[in-house]
Amino acid sequence: MSTPTDNPWPALRVADWEPTRDTLHMWTQIVGKIRLAHSPLVNHWWQVTFYVSPRGLTTSSIPYRNRLFDMEFDFVDHVLAIRTSDGGSGSVALASKSVAEFYDETFTALRQLGIDTRISATPNEVDPAIPFAQDHQHASYDAEAANLFWRQLIQAHRVINDFRSHYIGKVSPVHFFWGSFDMACTRFSGRPAPEHPGGAPNCADWVMVEGYSHELSSCGFWPGGGEEGAFYAYAYPEPEGFADYPSAPTPRSTARISGNSCSRTKRCGRPPSPTAT
Numbered sequence: 001m002s003t004p005t006d007n008p009w010p011a012l013r014v015a016d017w018e019p020t021r022d023t024l025h026m027w028t029q030i031v032g033k034i035r036l037a038h039s040p041l042v043n044h045w046w047q048v049t050f051y052v053s054p055r056g057l058t059t060s061s062i063p064y065r066n067r068l069f070d071m072e073f074d075f076v077d078h079v080l081a082i083r084t085s086d087g088g089s090g091s092v093a094l095a096s097k098s099v100a101e102f103y104d105e106t107f108t109a110l111r112q113l114g115i116d117t118r119i120s121a122t123p124n125e126v127d128p129a130i131p132f133a134q135d136h137q138h139a140s141y142d143a144e145a146a147n148l149f150w151r152q153l154i155q156a157h158r159v160i161n162d163f164r165s166h167y168i169g170k171v172s173p174v175h176f177f178w179g180s181f182d183m184a185c186t187r188f189s190g191r192p193a194p195e196h197p198g199g200a201p202n203c204a205d206w207v208m209v210e211g212y213s214h215e216l217s218s219c220g221f222w223p224g225g226g227e228e229g230a231f232y233a234y235a236y237p238e239p240e241g242f243a244d245y246p247s248a249p250t251p252r253s254t255a256r257i258s259g260n261s262c263s264r265t266k267r268c269g270r271p272p273s274p275t276a277t
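Under full-length UniProt numbering, the sequence shown has 88 at position 88, and the numbering climbs by one with no breaks.
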């Protein structure tokens, strides 16, 4: 692993943090589903995502009755911080604990702040999908690895946000999807797309139909699939020749993002100057 004093593009091999990554994936699904439960639908599910913050990953403001609250994975102090618009606050320690423990502690913290929440308590876009209250399998948390992951997201956000700024059409924020556990930014042509076939594990097909309702081109960063996390790009529907078009640097492998079963991802190797690339 890299250390905080290394270059701004820290290396984090999947093998060095896979148990932590998989546990954190389930924790983010719990918090993401809480946001989903209270946020009005925005096209392509943009209302459910997280955003990179100066401390980690945040939900941003979530409406609750006549109040607001937010939830933030703080990868500096390693807590899930919960804040309310009436001055309340709570937290859940990020440490080696099971998904079941995290689930119970998170909902206890919300109840103490007067927030009553009900969610679909089974993860999506993964197989097997162990109900959160029964998941004692995922129980790892390496604080250094989580911090490195967040620092990777900071740099990915920086360059993807710059790329986003050059497009004047409909374009998503640079945001983090907790279902597939990746950062994404998506441009749209404005034309309707063929109905998406669905097929993501433990996820209703209509969810993907909404997400891919219009022609799109997406790019982002995914912390899995190879030795390291990777930048990716895909299109739906996929234009002829898209998968074979050379990227810079030359792609060293291909992969698929979980849940995006019909779009091939183009992975790029680590270039000498990631920012310039």
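In this text, a Cβ means the ideal position worked out from N, Cα and C, and glycines have one as well.
Owing to the predicted nature of the structure, the values given are computational and were not obtained by experimental measurement.
| query | result |
| --- | --- |
| Limits of the alpha helix (DSSP H) - the one that Glu144 falls within | 143-164 |
| DSSP-derived helix/strand/coil call for Thr49 | coil |
| Coarse secondary structure for Thr122, derived from DSSP in three states | coil |
| Boundaries of the alpha helix (DSSP H) in which Thr20 is found, first to last residue | 14-38 |
| Residue environment, Pro123, which counts as buried when at least 16 other CB atoms sit within 10 Å | buried |
| Nearest-angstrom Cβ-Cβ length linking Pro237 and Ala204, presumed shorter than 8 Å | Between Ala204 and Pro237 the Cβ distance is about 21 Å, and since that is not below 8 Å, they are no contact. |
| Cβ-Cβ separation, Asp74 to Ser60 (assumed contact under 8 Å), whole Å | That pair is no contact at about 15 Å. |
| Where Ala81 falls: helix, strand or coil (DSSP) | strand |
| Bounding residues of the alpha helix (DSSP H) (the contiguous stretch that carries Val209) | 205-211 |
| Three-state secondary structure (DSSP) of Ala171 | The question names Ala, yet the displayed sequence has Val at residue 171. In this structure, Val171 counts as strand in the three-state DSSP scheme. |
| Buried versus exposed call for Asp244 [16 or more other C-beta atoms within 10 Å across all chains shown] | exposed |
| Local conformation of Phe177 per DSSP, three classes | strand |
| Backbone secondary structure at Asp116 - three-state DSSP | coil |
| Contact check, Met26 vs His138, beta carbons under 8 Å | yes |
| Whole-Å CB distance - Leu80 paired with Ala146, under 8 Å assumed | Wrong, their Cβ atoms sit about 12 Å apart, outside the cutoff. |
| Contact check, Pro125 vs Ala200, beta carbons under 8 Å | Inspection of the sequence shows that residue 125 is occupied by Glu rather than by Pro. In this structure, Ala200 lies closer than 8 Å to Glu125 by Cβ. |
| In DSSP terms, what Gly220 is bridged to | Ala184, Tyr232 |
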